[in-house]
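The numbering of the sequence shown is the working numbering, which starts it at 21 and goes up by one.
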Amino acid sequence: MDKEASIKLSGYIAQKIIEGAPTVKYTKKDLEMEIKKYPQSQLDELQKEGYYNGNFETFFVVKKFCDMLDIWEYADDEYLKKLFANAKCHSKQSFYSDPYLTDIKVPTVSDGKFLLLNACYEKGELFQYDMPKLSEDIVVPKLGFFNDRVYFPSVYEGEMPWVSVCPSELNSMLPDVDKAEGRCLVLGLGLGYYPYMISRLDKVKSITVVEISEKIINLFEKYILPQFKNKDKIKLVHADAIDFMKNVQRDEYDFCYADIWEGQVDGAPLYQRIKEHERRLPYTRFAYWIEDEIRWYIDRM
């Protein structure tokens with residue numbers, strides 16, 4: 021299997037996850053019965069080959085998931101080994117220990133087409149916990165699941181999830197949190213995860229957040245911002261981020277974080293338009309959500 025074939029298969033898996041929220045239903049007894057089928061010598065061999073990381077629950081769930089989608093028919097050994105090696109059983113306790121999830125609680129309320137609520141992952145429900153590494157020779161999705169039901173803040177636009185504070189959101193944003201300092205500009209509000217996380221930093225003095233949706237701002241201001249421990253650092257601006265950037269002055273901000281796209285496809289042109297301002301704003305350090313994935317996509321265009 022070459023890289024292009026692995027990308028195609030990973031895209032198929034990602035689409036199935038989005039469309040159907042595939043869930044492996046199992047009990048503790050199911051695990052106990054299943055592991056008895058594997059002598060220790062076989063588990064040792066599976067671990068040596070890369071299919072088993074020592075967590076039988078992860079092995080069990082991913083194997084069942086592969087059965088559900090008949091992935092065995094499309095993937096070769098190298099792809100499967102990477103798929104299993106990157107899979108992860110997430111801890112409910114560890115997830116809930118995130119500062120945002122510890123401090124921020126949301127009700128179920130709507131404003132026009134937007135609905136703020138607590139979404140959930142069921143036990144054994146598969147999701148992608150982080151972006152795949154597109155620079156690697158074989159690209160696989162990073163499959164995750166919880167061994168218990170978990171809830172997390174989310175906004176739905178109609179029937180579709182618009183933004184959620186889920187593992188993929190956390191993992192894709194956290195690497196850029198410590199980059200923030202001084203006077204910060206954040207393009208895109210979402211549920212305020214990134215602004216909240218950088219507001220906790222002493223080195224961050226102020227945070228201007230630009231958001232195009234007035235209804236999202238209203239929901240955030242009414243139900244989420246009051247729970248911020250450092251809410252005095254936050255200033256909300258209702259504007260189009262691209263238009264807003266045209267009027268930013270050379271020494272106005274020390275740091276800018278852009279997150280106004282859903283993925284690399286729609287993000288590529290927006291990324292390029294914001295990137296153009298870097299030369300004009302030499303005193304501002306820039307960071308971009310999923311920048312590696314966007315740059316990979318641009319290179320393929």
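Backbone N, C-alpha and C define an ideal beta-carbon position, used for all residues, glycine too.
Taking a cut-off of 8 Å for Cβ pairs, the stretch 135-143 and the stretch 88-103 do not touch, as fewer than three such pairs fall below it. Put simply, of Glu-201, Asn-75, Pro-246 the residue whose alpha carbon is nearest the alpha carbon of Gly-212 is Pro-246. In this structure, DSSP gives Val-268 a state outside helix and strand, which the three-state scheme calls coil. Bounds of the beta strand (DSSP E) holding Pro-173 are 170-177. The C-beta separation of Ala-200 from Val-183 comes to about 20 Å, leaving the pair out of contact by the 8 Å criterion.
Contact annotation, Val-159 with Ile-27: C-beta distance approximately 5 Å; criterion of less than 8 Å satisfied. Lys-162 is bridged by DSSP to Asp-150.
In this structure, Tyr-141 and Arg-169 form a Cβ contact; the two beta carbons are roughly 7 Å apart against a cut-off of 8 Å.
Under the three-state reduction of DSSP output, Met-180 falls in the strand class.
Between Gly-202 and Phe-275, the gap from beta carbon to beta carbon is short of 8 Å.
The stretch 246-262 and the stretch 189-196 do not touch, with fewer than three beta-carbon pairs separated by less than 8 Å. Contact between Lys-108 and Thr-78 holds, since their C-beta atoms are separated by about 7 Å, short of 8 Å.
For a cut-off of 8 Å, the C-beta gap from Gly-144 to Lys-45 is around 6 Å, short enough to register as a contact. Between the stretch 268-284 and the stretch 235-242, the count of Cβ pairs shorter than 8 Å is below three; the stretches do not touch.
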